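Novice: Got a structure for you, questions after.
Protein chains: 2
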Amino acid sequence: MARLSPSDRRDAIVAAALAVARQKGLAATTVRDVATEMGTSSGLVHHYFESMDEVLAAAFARVAEADLARSADEMAAADGPVAALAAFFRTYAPADADWAFQLWLDAWAEAARRPAIQATTRRLNLAWQALLEKTIREGVAAGQLVAADPGAAAWRILSLVDGLALQVVAHGTTIGRDDVERWAASAAELELGLAPGALGSGA
Amino acid sequence: MARLSPSDRRDAIVAAALAVARQKGLAATTVRDVATEMGTSSGLVHHYFESMDEVLAAAFARVAEADLARSADEMAAADGPVAALAAFFRTYAPADADWAFQLWLDAWAEAARRPAIQATTRRLNLAWQALLEKTIREGVAAGQLVAADPGAAAWRILSLVDGLALQVVAHGTTIGRDDVERWAASAAELELGLAPGALGSGA
DNA sequence: GCGGCTATTGGACGAATGCGCAATATCGTC
DNA sequence: GACGATATTGCGCATTCGTCCAATAGCCGC
Chain Y
0 MARLSPSDRR
10 DAIVAAALAV
20 ARQKGLAATT
30 VRDVATEMGT
40 SSGLVHHYFE
50 SMDEVLAAAF
60 ARVAEADLAR
70 SADEMAAADG
80 PVAALAAFFR
90 TYAPADADWA
100 FQLWLDAWAE
110 AARRPAIQAT
120 TRRLNLAWQA
130 LLEKTIREGV
140 AAGQLVAADP
150 GAAAWRILSL
160 VDGLALQVVA
170 HGTTIGRDDV
180 ERWAASAAEL
190 ELGLAPGALG
200 SGA
Chain H
0 MARLSPSDRR
10 DAIVAAALAV
20 ARQKGLAATT
30 VRDVATEMGT
40 SSGLVHHYFE
50 SMDEVLAAAF
60 ARVAEADLAR
70 SADEMAAADG
80 PVAALAAFFR
90 TYAPADADWA
100 FQLWLDAWAE
110 AARRPAIQAT
120 TRRLNLAWQA
130 LLEKTIREGV
140 AAGQLVAADP
150 GAAAWRILSL
160 VDGLALQVVA
170 HGTTIGRDDV
180 ERWAASAAEL
190 ELGLAPGALG
200 SGA
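If you read the protein sequences in the order shown, they are chains Y and H. Per numbering that gives the first Met the number 0, the first sequence runs over residues 0 to 202. Per numbering that gives the first Met the number 0, the second sequence runs over residues 0 to 202.
Okay, structure coming up:
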């Protein structure tokens with residue numbers, strides 16, 4: 000196989016692990032799966048990663064960080080805190096990303112047993128909460144919304160979206176995909192003292 | 000080993016599976032673990048269950064159904080819909096039941112790949128939502144609370160508690176255990192047009 | 001007390017797991 | 001064009017997995 004630089008090879012391993020995890024699940028992704036997907040031998044994986052735990056954590060981190068960056072960009076580009084929050088709900092759980100949220104489910108569950116995965120999910124959940132809290136604080140400072148405890152409000156909004164998306168991804172038919180964005184946005188409007196529809200669809 | 004009736008043996012298998020799953024996780028529980036815990040041979044497990052998937056689903060169902068029944072009882076015994084909702088928040092995520100919620104996490108993640116588990120988590124999530132929706136409807140009928148869409152309100156409340164509890168169990172230190180009950184209750188008060196503290200601690 | 005039904009045993013089977021290591025191939029450097 | 005560093009190979013190792021099945025043991029009705 001082509002001889003790659005360590006940094007390129009690490010990327011390739013993570014990309015291959017991700018491709019496998021997407022269809023087999025994070026926990027069920029094996030060293031040999033990754034090697035086969037990459038078109039190399041299995042020994043190569045352990046030449047770059049100490050354990051499978053770290054490979055999976057890196058794979059999960061890649062999608063999760065990309066999603067976070069994308070939402071953060073859209074929120075930063077929005078016109079003010081309220082529009083930023085609307086962007087959050089619009090981009091957080093896109094309809095074509097069930098597999099990405101399934102990765103979150105896998106990672107949360109595995110966190111209890113795999114240290115590297117726990118560190119990653121924890122770090123990214125905190126980053127999401129910090130992003131929301133910062134936006135809420137800006138909105139409060141601008142007098143556009145109300146929040147007695149911006150940190151708690153951020154946790155509530157984030158957790159609500161996660162809890163709703165969980166139902167969609169795990170069970171499919173209990174809740175509609177549209178409901179997640181709509182319901183979460185309307186709860187946030189109430190939470191932050193906004194007018195109904197302020198964070199809602201299209202507006 | 001003592002020869003048990005089929006029904007007793009099934010119970011024993013489920014109980015043993017539960018004991019193992021509690022400390023090793025649902026997905027990591029094996030046939031041999033269950034047999035060892037039970038003090039019998041491993042072949043016995045497959046004499047009563049077609050596959051490991053069904054053993055795990057039955058084990059999860061046992062705790063989840065017991066928890067649901069316990070909360071439902073306390074809610075039914077409460078004095079009116081508002082007190083019933085307060086009982087819900089008090090009993091949903093007890094401090095000593097992190098392991099039970101970890102089972103939920105495991106089950107949600109496994110649902111995508113194990114049919115028996117998905118059917119179980121789906122059924123129980125729907126039951127929780129129905130319980131909440133019924134209580135909310137009673138409160139609306141009694142004029143004690145406001146909800147334009149009781150079904151949606153029930154999903155929001157349930158999902159918020161799940162999302163918050165998820166952070167506690169998966170990450171431990173991000174959110175405090177007390178925050179789950181307190182924050183979820185205050186969000187529900189807002190959602191249902193109740194006075195702050197109406198569902199809160201001690202009252 | 002005896003016979004038959006069946007709960008239970010305990011290991012076989014094939015496939016899969018993470019990880020490690022000596023051998024080999026390939027690239028950049030002089 | 002040869003050399004040295006190292007990326008890559010390919011298999012071995014020791015376990016573990018779910019499932020299956022013939023043999024055994026224990027209880028109930030007669």
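All C-beta atoms in this analysis are idealised placements derived from N, C-alpha and C, irrespective of residue type, glycine included. Bear in mind that the values here come from a model prediction, so they are computed numbers and not experimental data.
(1) Can you find a CB in chain Y that lies within less than 7 Å of the CB of L191(H)?
(2) Could you check what DSSP says for M0(Y) in three-state terms: helix, strand or coil?
(3) So that I know if they touch, is there some Cβ in chain Y lying closer than 7 Å to that of W182(H)?
(4) Can you name, in chain order, every residue of its own chain whose Cβ lies under 6 Å from the Cβ of R113(Y), other than the five neighbours on each side?
(5) Flag L191(H) as yes when its Cβ comes closer than 6 Å to any non-hydrogen atom of the ligand PLP, and as no otherwise.
(6) Please classify P195(H): is it buried, with 16 or more other beta-carbons within 10 angstroms of its beta-carbon, or exposed?
(7) Could you work out which residues of chain H lie near I174(Y), taking near to mean beta carbons separated by less than 8 Å?
(8) Taking the C-alpha atoms as reference points, what is the distance between G142(Y) and V54(Y)?
(9) Alpha carbons only, please: which of M0(Y), Q22(Y), A15(Y), E188(Y) is nearest the one belonging to Q101(Y)?
(10) Near A86(Y), what residues of its chain come up, given a Cβ to Cβ distance below 6 Å and the 5 sequence neighbours on each side ignored?
(11) Return the Cβ separation of L157(H) and L191(H) in integer angstroms, given the expectation that the two are a contact with Cβ distance under 8 Å.
(12) Taking the alpha-carbon positions, what's the D105(Y) to A16(H) distance?
(13) Going by DSSP in three states, S185(Y) sits in which element: helix, strand or coil?
(14) Under 7 Å Cβ-Cβ, which residues of chain H neighbour L272(Y)?
(15) Tell me the DSSP secondary structure of P93(H) in three-state form.
(16) Run through DSSP, which three-state label would A65(H) get?
(17) Restricting to Cα atoms, I'd like to know which of Q166(Y), R31(Y), T39(Y), A26(Y) is closest to L3(Y).
(18) Can you look up Q143(Y) in the DSSP assignment and give me helix, strand or coil?
(19) With 9 Å as the limit, tell me which residues of the region 119-142 of chain Y have their beta carbon closer than that to any beta carbon of chain H; keep them in chain order.
(20) Mapping the DSSP letters down to three states, classify F100(Y) as helix, strand or coil.
(21) Please confirm whether G196(Y) has its beta-carbon closer than 7 Å to some beta-carbon of chain H.
(22) In chain order, what residues of the same chain have a beta carbon less than 8 Å from the beta carbon of A118(H), not counting five sequence neighbours either side?
(23) Anything in chain H within Cβ reach of G24(Y), meaning under 9 Å, just list it in chain order.
(24) Give a yes or no on whether the C-beta atoms belonging to V33(H) and V44(H) are separated by under 7 Å.
(25) Please return the same chain residues whose Cβ sits closer than 8 Å to the Cβ of P80(H), not counting the five positions on each side in sequence.
(26) Hey, does D105(Y) have any beta-carbon neighbour from chain H nearer than 7 Å?
(27) Closer than 7 Å, CB to CB, is A169(H) near chain Y or not?
(28) Starting from the C-beta of A92(H), find all residues in its chain whose C-beta is less than 6 Å away, skip the five residues before and the five after it, and write them out in chain order.
Specialist: Straight from the coordinates:
(1) No, its Cβ sits nowhere closer than 7 Å to a Cβ of chain Y.
(2) Coil at M0(Y), not helix or strand.
(3) yes
(4) D52
(5) Looking at this structure, you won't find the ligand PLP or any other ligand, since it has none at all.
(6) exposed
(7) W154
(8) If you take the alpha carbons of G142(Y) and V54(Y), they lie about 45 Å apart.
(9) Q22(Y)
(10) For A86(Y), same chain residues with a beta-carbon under 6 Å away, outside a window of 5 residues either side, are E73, M74, A77 in chain order.
(11) The distance from the Cβ of L157(H) to that of L191(H) is about 13 Å, inconsistent with a contact at the 8 Å cut-off.
(12) 21 Å
(13) helix
(14) With chain Y represented from 0 up to 202, any question about residue 272(Y) goes unanswered, as that position is not in the structure.
(15) When secondary structure is reduced to three states using DSSP, P93(H) falls in the coil class, being assigned neither helix nor strand.
(16) helix
(17) Taking the Cα of L3(Y) as reference, the smallest distance to any Cα among Q166(Y), R31(Y), T39(Y), A26(Y) is reached at T39(Y).
(18) coil
(19) T120, R121, N124, L125, Q128
(20) helix
(21) no
(22) A56
(23) A108, E109, A111, R112
(24) yes
(25) Result list for P80(H): T134, I135, E137, G138, A141, Q143, L144, in chain order.
(26) Residue contact with chain H for D105(Y): present (Cβ-Cβ distance below 7 Å to some residue of chain H).
(27) yes
(28) A164, V179
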